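If you want it as structure tokens, here you go:
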């Protein structure tokens, strides 16, 4: 020992950064068993596993000289990385964007659809004392070149097959449409920063904040009621009935997707018209996976029909990511 | 597409940093099969898989207030990482140091020996245009609390079992002792910066540079000849015979280790008296894995009997790390 301080005065947290953890053999064995079951489902469905570098350019196109992506809205990297030459890189924050890059650049001559899966860590920002993870082990698929509704239905089916194979019994998939609430706001004449604030409250599930924002707008009673009602509309296929206008158009899409699902997947769906995701690339159907044994979503996904175009090959696409540690916690919770 | 530049003018290298690569499904399937075979060997030998955070403190003890490790000589992190609060972290550069930390802090009450294995990426510095990898997938074991010679023999046996299970037919394990050459230099009265320069030439395999350094010292003819001869001494058990002084002591240890190996492992060993590793924590036996189908070592390891003490629990230890991409290339090369 190189100092006189008794080792017992050190806590484990002194050795590793907040938001990180060691995975010891008992847990690791269970995580491996879980990933093996998921990989078998993905491969059976035709999804080939890929791995992309954890070290990325800060902008996906930073080195693609002459090509600007002013409209780029992917998630900002949480970690900047400097090598000993001072070159600025970033740590991968998800696998969807790099796999879109792979699909667009490495499979240019391949007839779509393209099917990829992954098991990889993503690196996210943490706020102090929130128990958030800097390093998340994710498992997911990306289906590139298959439009809605069939593509969306395939992704949801593989999702439910994977969760069934994992052994989860009580999970539910909340299904909404990322374009639905923005379209309602547009119809009500709400745009700009107010629109972003309202969507932010919705992403955070803060209905008090949402109501405050709507009240401040001085909307007509009908618009206000509709916006408040839709934000909280959740349930079975019956919640898709009796709508009109832009709402009817979005829910019609959800009805079609639902009609294409196998019963074992269809019965897991809870329609959630107020579901909005905070990743800028989602364009249509969006979903979140819940399990009563875990208080936070254990997975999420959706359609990102505009993302591939940013890598030079426009194609519709959809996918999902499961948080493997969360799925594992939910499994353990269900078994109790 | 968001700009008018023809996409064909972009090379793949424009999208990802030098020294990184995408792993596509065909290769990924083979890498998974390889890791499954290695994991089966490790688990059968009692090694439990662990995972430690990719994001570490820059010094393993930076947050352990009041504890200084002035003698710390582990490999310097190649990548500094900043989160959005500006906190300075680093990317894991190997798994040996974090597993030593885990063994010393999470298994304080457990009777040694402790056996751990891992499959994880390590992040290393690259020099431009050398084709080096920033991100290496490594598989390895650490045997903590088992002294030489038995502990060393166990690690070498698991290493050969793993390479056999991987399907490699032509590999060899170069075995030396990290203390051997430094002891010879000490006996010849060589120390300080000159000693470090000489060891540096040896690590680099630069015998011309080594001879130049030795000539500049004006050593006696006997010392000079011995140092030059030992640096190039490689071969079967016969190279361990007929030595005296500090050399005899080190080779006696290697003889004992060799005598404890099962024949299938013993026949793979090539004694290499000039083998020195550039990671500061190696103390005794060191080894490197070669395969004729790949020009660079595909793995390495050794004893690090002083490392655990730096985490407050002195224990002898040894381990190895295989570069999985290199093992895979060697396998593919052998199959041709």
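Residue numbers (the numbering used here), protein chains in the order written: chain R, -6 to 329; chain Z, -6 to 329.
Note that beta-carbon positions come from the ideal geometry of N, C-alpha and C, so glycine has one too.
No experiment lies behind these values; they were computed from the predicted model shown.
- In this structure the region 12 to 20 of chain Z does not touch the region 193 to 201 of chain R; the number of beta carbon pairs closer than 8 Å is below three.
- With fewer than 16 neighbouring CB atoms inside 10 Å of its own CB, residue 237 of chain R falls in the exposed class.
- The three-state secondary structure of residue 301 of chain Z, taken from DSSP, is helix.
- Think of a sphere of 7 Å around the beta carbon of residue 291 of chain Z: no beta carbon from chain R falls inside it, the nearest being about 19 Å out.
- Taking a cut-off of 8 Å for Cβ pairs, the region 145 to 164 of chain R and the region 197 to 207 of chain R do not touch, as fewer than three such pairs fall below it.
- In the DSSP assignment, residue 134 of chain R is bridged to R/110 and R/313.
- The C-beta of residue 217 of chain R comes no closer than 9 Å to any C-beta of chain Z.
- For the 9 Å CB-CB criterion, residue 125 of chain R and residue 87 of chain R do not form a contact.
- Put simply, of Z/70, Z/91, Z/145 and Z/111 the residue whose alpha carbon is nearest the alpha carbon of residue 117 of chain Z is Z/70.
- Proximity of chain Z to residue 17 of chain R at the Cβ level (cut-off 7 Å) is accounted for by 43 and 99, in chain order.
- Burial state of residue 128 of chain Z is buried, judged by a 10 Å Cβ sphere holding 16 or more other Cβ atoms.
- When C-beta distances to chain Z are compared with 9 Å, every residue of the region 236 to 268 of chain R stays at or above that value.
- Residues of chain Z whose Cβ lies closer than 8 Å to the Cβ of residue 297 of chain R do not exist, since the nearest Cβ in that chain is about 15 Å away.
- Taking the beta carbon of residue 71 of chain Z as reference, the chain R residues within 7 Å of it are 76 and 77, listed in sequence order.
- For the C-beta of residue 114 of chain R, the chain Z residues within less than 8 Å are, from N- to C-terminus, 47.
- Under the rule that a run must span 3 or more residues, the beta strand (DSSP E) segments found entirely inside the region 268 to 297 of chain R read 278 to 284 and 287 to 296.
- Put simply, of Z/304, Z/215, Z/189 and Z/220 the residue whose alpha carbon is nearest the alpha carbon of residue 204 of chain Z is Z/220.
- In the structure shown, residue 49 of chain R falls within a strand segment according to DSSP collapsed to helix, strand and coil.
- At least 9 Å separates the beta-carbon of residue 109 of chain R from that of residue 36 of chain R.
- In the three-state DSSP reduction, residue 190 of chain Z falls in the helix class (H, G or I).
- The region 156 to 213 of chain R is shown to contain whole beta strand (DSSP E) runs of 3 or more residues at 165 to 170, in chain order.
- Bounds of any beta strand (DSSP E) do not take in residue 7 of chain R, whose DSSP letter is neither H nor E.
- Proximity of chain R to residue 50 of chain Z at the Cβ level (cut-off 8 Å) is accounted for by 8, 9 and 10, in chain order.
- Residue 99 of chain R is bridged by DSSP to nothing; it lacks a bridge partner.
- Excluding sequence positions up to five before and after residue 154 of chain R, its CB lies within less than 6 Å of the CB of 34, all in the same chain and listed in chain order.
- Using a Cβ distance threshold of 9 Å, residue 243 of chain R and residue 176 of chain R count as a contacting pair.
- A distance below 8 Å between beta-carbons, with the five flanking residues on each side excluded, links residue 93 of chain R to the following residues of its chain, in chain order: 135, 137, 297, 300, 301, 303, 304 and 310.
- For residue 244 of chain Z, the enclosing alpha helix (DSSP H) starts and ends at 238 to 253.
- With respect to residue 210 of chain Z, residue 223 of chain Z sits apart: the two C-beta atoms are not nearer than 9 Å.
- Here residue 215 of chain Z is exposed, its C-beta having fewer than 16 other C-beta atoms within 10 Å.
- Using a 10 angstroms sphere on the CB of residue 170 of chain R, the tally of other CB atoms reaches 16 or more, which defines it as buried.
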